[in-house]
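As given, the protein sequences belong to chains A and B, one line each in that order. Be aware that the first sequence starts at 1, since it is given in our numbering, and climbs by one per residue. Be aware that the second sequence starts at 1001, since it is given in our numbering, and climbs by one per residue. For each residue, glycine too, the CB sits at the ideal point set by N, CA and C.
Protein chains: 2
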Amino acid sequence: MADPNFMPGCLTGVKVLDCTQFEAGTSCTQVLAWLGADVCKIENPATGDPGRRVGSSKPHKDDPYFLMYNSNKRSVCVNLKDPRGLQIVKDLAAKADVFMENFAPGAIERLGLGYDVLSKINPKIVYGQVKGFGEGSPFSKNLAFDMIAQAAGGTMSITGDPKGPPVKPGPTLGDTGTGMLMCISILASLYKARDTGKGVRLNIGMQDAMLHYIRNSFAVTHKSHEAAPRAGAGSISGGNPPCNIFPCKPGGPNDFVYIYTSRANPNHWTKLCEVIERKDLMTNPKFATREARVQNELELEEIIAQWTRQRDKYEAMRLVGAAGIPAGAVRDTAELYADPDFVNRRMMQPIQHPEVGAFKAITWPVSFDGNKVTVKPAPLLGANTDQTLKDWLGFSDGDLSKLTAEKVIGPNMVA
Amino acid sequence: MADPNFMPGCLTGVKVLDCTQFEAGTSCTQVLAWLGADVCKIENPATGDPGRRVGSSKPHKDDPYFLMYNSNKRSVCVNLKDPRGLQIVKDLAAKADVFMENFAPGAIERLGLGYDVLSKINPKIVYGQVKGFGEGSPFSKNLAFDMIAQAAGGTMSITGDPKGPPVKPGPTLGDTGTGMLMCISILASLYKARDTGKGVRLNIGMQDAMLHYIRNSFAVTHKSHEAAPRAGAGSISGGNPPCNIFPCKPGGPNDFVYIYTSRANPNHWTKLCEVIERKDLMTNPKFATREARVQNELELEEIIAQWTRQRDKYEAMRLVGAAGIPAGAVRDTAELYADPDFVNRRMMQPIQHPEVGAFKAITWPVSFDGNKVTVKPAPLLGANTDQTLKDWLGFSDGDLSKLTAEKVIGPNMVA
């Protein structure tokens, strides 16, 4: 039985000073918080992380977007333009195991919180930076968002219809994809720092991160000396037909089932012929061998589509999958969000947020001895300022009142 | 100056028993190897990881695909069907800090290497499993490959032209994307195990992993109660036009530049008008406000395209980017692979592999104090069998000769 309040506590006692915003940095510290670190998100007292308002139709209320990347964290508002505010952040850095930022190039150094400064205050700090382009790149001073990384990093060039223009992969690989690689490096560096007592400056360019996710395509390019192609729903490195989506009832925009017969397992193809009641295809010279199926792929796909069109995508997935053939209904986000399977398995967790209200949070997909991490709502702006400054720095109520009155700490939201 | 032989050594002394194949599991242990762990890849003596031959036109030679996910590892061939071979793997597990597998559901337990067995031999072992679907899912017994996870996990539904069918994102997010989340969980669990001496069974479904990368789209669905749309090259959550790719000279399939003006920074739009020498647009009521630009987006895109079509994508990126506006040339894998920038920064590293020959390896994108991990060629099948059994288990030359002669250990490749 899964524990409904489970926390893995892997990083109990690890303090993270989180100067991130939007997604590439926040997705990284989000995972650290889920894994048990004490993540203190520093925000400016006036507006906070601009990600709080991205896409929000209510200008002073947090958007679900923000909740996705900031649950289980503390929010602490500090005015970095006040020297006392800057000193507070340095004092927090002295206590922290990890520092993380994804400001525009050069901004954190101009704020006076560069690695040269913080590593003197705290030599064991693991200092992470996400930028658009890697250090030494001709574009290292350029701004980037997810889509720029996906353009410059090659992921768009291999996505889309072979006859059409490049398409942006829907997943925010430039952001969360980069954040995950930084998270791995932080955890490995923390592991080392326990022995050595020495920190490190970690830096990743979002463009470079994209290369990590398309190494198959570079393997293709290594052999062909040409750009890896766009393949629609198919496989860039070629495949063993059938390997595509097939239309299902009732014909909506996502009513398709993916069917894939593996080259490594010739049974997939023969079993598929059985499932669609077309055993004749096994001996038909047009389809009997992989080479023949590559040659006659479109004709083969139409034969399979004649079978899938008579079924909805779930039935098709069930029948094909039960025969041991890799198959997947193409599911849209509304279908997935409404599917009770994810709540039953605690992959999605209903929570209440003071501004967003009832919200189905998506948790860390990895289970620990069968348990999923419990999501706590993202903090309102500055909600944990006082408590964190007490916990981390031992501030008194008097200190806090004075600093609040003088707008060194917040929140102090602009109307 | 970057160190040309740099190794981060974060995981020095950590032993990983690697029973992975293809990509979802191998991508995870690949990163552990790069970070300094001693990764011992167990392969069957006859054929090894089927990933060695994926896409290979030379049936008995390793493919570049395999090199991408198995560098810096050791290869050890053990015949698991021989009870002595199985015992060797259990003895290795007794010495290991981490065990990792991505076999078909139920296979590792049938082999006699389930968590119940290995955790008794070694209570501190961190045991990682990647499957197609999460534990407790109605599809938990189904096979899955990258494309099945991307169909069932929603990433295809949000990728493609709004009027066209779903498209598979080119990046192998179902494989490497899942492997990265497992890697994070392994590292965090290792950190905890140092204190507690207790291991854990980690499990992830590739379908669930996809949800982690499309949380923005679920935020959209939370608000709209509808499926997040496909947006071509644009942004699923809407945006601040212009936010798209624009055609460039000479008009090849990837001759586009991405230009994105951020809602958070109104200067992006006005500066763009200056760059394309169309200051008149700033005051034109059709384009003066974000709302107006949303309304007249197609007309605006054509105006910008008139400027981009006169330039190649690199010039366009340079001019727009230099003005502080996020911009990125759409680069294909051949362009990226040939760009000396990546070799200069050691993001790509020329290596020699005994079968593949000269090969440009892609390393871990994160830099450590300015240094990139040095890639070592992936091992030939069974290349490290003897040395590893000496190092980990203290086998003698006599033990090894006998076990080799009796085909308990290998390699023993089938012709």
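- Taking a beta-carbon distance threshold of 9 Å, residue 1345 of chain B counts as an interface residue toward chain A.
- Within the stretch 137–221 of chain A, the runs of alpha helix (DSSP H) at least 4 residues long that lie entirely inside it are, in chain order, 146–152, 178–196, 206–212.
- Just so you know, the alpha carbons of residue 1321 of chain B and residue 1285 of chain B end up roughly 26 Å apart.
- For residue 161 of chain A, a Cβ of chain B is located within less than 9 Å of the residue's own Cβ.
- Under the Cβ criterion of 9 Å, residue 1007 of chain B is not counted among the residues facing chain A.
- Between residue 80 of chain A and residue 409 of chain A, the alpha-carbon positions lie close to 9 Å from each other.
- Fewer than three beta-carbon pairs drawn from the stretch 160–172 of chain A and the stretch 5–17 of chain A are found closer than 8 Å, and the two stretches are therefore not classed as touching.
- Per DSSP, the continuous alpha helix (DSSP H) segment holding residue 297 of chain A begins and ends at 297–308.
- Using a Cβ-Cβ cut-off of 9 Å, residue 202 of chain A counts as an interface residue toward chain B, since at least one Cβ of chain B sits closer than that to its own.
- Taking 9 Å as the cut-off, the Cβ atoms of residue 131 of chain A and residue 206 of chain A count as close.
- Under the Cβ criterion of 9 Å, residue 1364 of chain B is counted among the residues facing chain A.
- Distances from the CA of residue 338 of chain A to each of A:394, A:411, A:360, A:356 were compared; the closest alpha carbon is that of A:360.
- Within chain A, no C-beta atom comes less than 8 Å from the C-beta of residue 1378 of chain B; the nearest is roughly 12 Å away.
- Two segments are said to touch when three or more pairs of C-beta atoms, one from each, lie closer than 8 Å; by this definition the stretch 65–75 of chain A touches the stretch 382–398 of chain A.
- Beta-bridge annotation (DSSP): residue 346 of chain A is not paired with any residue.
- For the 9 Å CB-CB criterion, residue 35 of chain A and residue 1125 of chain B do not form a contact.
- The three-state reading of DSSP puts residue 84 of chain A in helix, counting H, G and I together.
- Following the DSSP letters along the chain, one finds residue 75 of chain A inside the beta strand (DSSP E) bounded by residues 74–77.
- Listed in chain order, the positions of the stretch 1099–1114 of chain B with a beta carbon within less than 7 Å of a beta carbon of chain A would be empty, since no residue qualifies.
- Spanning the alpha carbons of residue 1217 of chain B and residue 1348 of chain B requires a straight line of approximately 33 Å.
- In this structure, the beta-carbon distance from residue 268 of chain A to residue 240 of chain A falls below 9 Å.
- Here residue 1123 of chain B is exposed: its Cβ has fewer than 16 other Cβ atoms, across all protein chains shown, within 10 Å.
- Within its own chain, the residues whose Cβ lies closer than 8 Å to the Cβ of residue 93 of chain A, once the five positions on either side in sequence are excluded, are 17, 99, 113, 118, 121, 122, 125, listed in chain order.
- Boundaries of the alpha helix (DSSP H) harbouring residue 64 of chain A: 64–70, taken from the DSSP string.
- According to DSSP, residue pairing for residue 1353 of chain B in a beta bridge involves B:1357.
- Closest option to residue 15 of chain A, judged by alpha-carbon separation, among A:3, A:39, A:24: A:39.
- The straight-line gap separating the alpha-carbon atoms of residue 223 of chain A and residue 28 of chain A is approximately 35 Å.
- The beta-carbon of residue 55 of chain A is placed less than 9 Å from the nearest beta-carbon of chain B.
- For the stretch 187–198 of chain A, residues whose beta-carbon sits nearer than 8 Å to a beta-carbon of chain B comprise 187, 188, 189, 190, 191, 192, 194.
- Interface annotation, residue 1093 of chain B: not in contact with chain A, CB-CB separation never under 9 Å.
- By the C-beta density criterion, residue 201 of chain A is buried, having at least 16 other C-beta atoms within 10 angstroms.
- Boundaries of the alpha helix (DSSP H) around residue 1272 of chain B: 1267–1275.
- In the three-state scheme derived from DSSP, where H, G and I count as helix and E and B as strand, residue 111 of chain A is classed as coil.
- Within the stretch 396–413 of chain A, not one residue has a Cβ closer than 9 Å to any Cβ of chain B.
- Residue 66 of chain A is positioned such that its CB atom lies no closer than 9 Å to that of residue 78 of chain A.
- In chain order, 1132, 1133, 1152, 1207 place their CB closer than 8 Å to the CB of residue 1139 of chain B, counting only its own chain and leaving out the 5 sequence neighbours on each side.
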